[in-house]
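Quick note, the sequence shown lines up with residues 1085 to 1216 if you use the numbering used here. Idealized CB from N, CA, C, for every residue including glycine.
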Amino acid sequence: MLQEGILNPQVLDLVARIRHTNTLVICDWAFPYWKEIETVDISLTRGIPSILDVLKLLQPNFKVGTIWQAEEFLHTNPAETIKDFDDCFATFLDAGVVREPHLDFKTRVPEAIGLIRTGDPTAYGNVIVESV
């Protein structure tokens, strides 16, 4: 029986199917439903779990090349929240961060292998991570 790390079997199954250059969306509770891709909803309540919680659990076993996020994130959140996200992104060594208009960000979603919906309330905190 698993004792640490990601314990949710649906999340483990989804992550295990991601290969080189595939992408994964990690989003907030209000992110739209996309019928084109598999969604694993792990939201429990507002803020639990957060997008950063999921990223931190992925970090030891998931090599990331690029992280996409909406540029609106920088204009709608306090400096402390931006720093928390940037610090977490930095733990993915050699990962580049691309912040682009939210509408451009959303065009990337249907190409993802899957989507993990969290309870995160952070405005524009959604991310797309690309495996390398």
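How big is the Cα-Cα spacing for D1188 and A1174?
Your numbering for residue 1188 matches position 104 in the sequence shown. Your numbering for residue 1174 matches position 90 in the sequence shown. The alpha-carbon atoms of D1188 and A1174 are separated by roughly 23 Å.
Less than 8 Å between the beta carbons of I1212 and V1138, yes or no?
Position 128 of the sequence shown holds residue 1212. Position 54 of the sequence shown holds residue 1138. Their beta carbons are not under 8 Å apart, which means I1212 does not touch V1138 by this criterion.
Can you tell me where the alpha helix (DSSP H) with Q1094 in it begins and where it stops?
Start at 1 with the first residue of the sequence shown, and residue 1094 comes out as number 10. Counting along the chain, the alpha helix (DSSP H) containing Q1094 begins and ends at 1093 to 1100.
Please state if the CB of I1132 and the CB of G1203 are separated by a distance shorter than 8 Å.
Working through the sequence shown from its first residue, we reach residue 1203 at position 119. Working through the sequence shown from its first residue, we reach residue 1132 at position 48. A contact, by the Cβ cut-off of 8 Å.
Thinking C-beta only, is I1197 closer than 8 Å to T1123?
If you number the sequence shown from 1, residue 1123 lands on position 39. If you number the sequence shown from 1, residue 1197 lands on position 113. Not in contact: T1123 and I1197 (Cβ atoms no closer than 8 Å).
Whole angstroms is fine: what's the gap from K1190's alpha carbon to E1164's?
Position 106 of the sequence shown, counted from the start, is the residue given in the question as residue 1190. Position 80 of the sequence shown, counted from the start, is the residue given in the question as residue 1164. Taking the straight line joining both Cα atoms gives about 25 Å.
Between which two residues does the alpha helix (DSSP H) harbouring V1138 extend?
Taking the first residue of the sequence shown as 1, we reach residue 1138 at position 54. Unbroken alpha helix (DSSP H) run through V1138: 1135 to 1142.
Hey, could you find the ends of the beta strand (DSSP E) R1201 is sitting in?
Position 117 of the sequence shown, counted from the start, is the residue given in the question as residue 1201. 1198 to 1201 is the extent of the beta strand (DSSP E) around R1201.
What are the start and end residues of the beta strand (DSSP E) that includes D1171?
The sequence position of residue 1171 within the sequence shown is 87, counting from 1. Not the beta strand (DSSP E): D1171 falls in the alpha helix (DSSP H), residues 1163 to 1174.
In whole angstroms, what separates the C-alpha of Q1143 from that of P1093?
On the sequence shown, position 59 is the one that residue 1143 refers to. On the sequence shown, position 9 is the one that residue 1093 refers to. Roughly 17 Å between the two C-alpha positions.
For W1113 and L1128, I'd like the C-alpha separation in whole angstroms.
For the purposes of this step, residue 1113 is identified with residue 29 of the sequence shown, where counting begins at 1. For the purposes of this step, residue 1128 is identified with residue 44 of the sequence shown, where counting begins at 1. One C-alpha to the other measures close to 9 Å.
Around the Cβ of E1088, are there at least 16 other Cβ atoms within 10 angstroms (buried) or fewer (exposed)?
Here residue 1088 refers to the residue found at position 4 of the sequence shown. It is exposed - the Cβ of E1088 has fewer than 16 other Cβ atoms within 10 Å.
Within the same chain, show all residues whose beta-carbon is closer than 7 Å to that of L1095, passing over the 5 residues directly before and after it, in chain order.
Residue 1095 sits at position 11 when you count from the first residue of the sequence shown. What sits at residue 1095 in the sequence shown is Val, not Leu. Around V1095: V1124, I1126, I1200.
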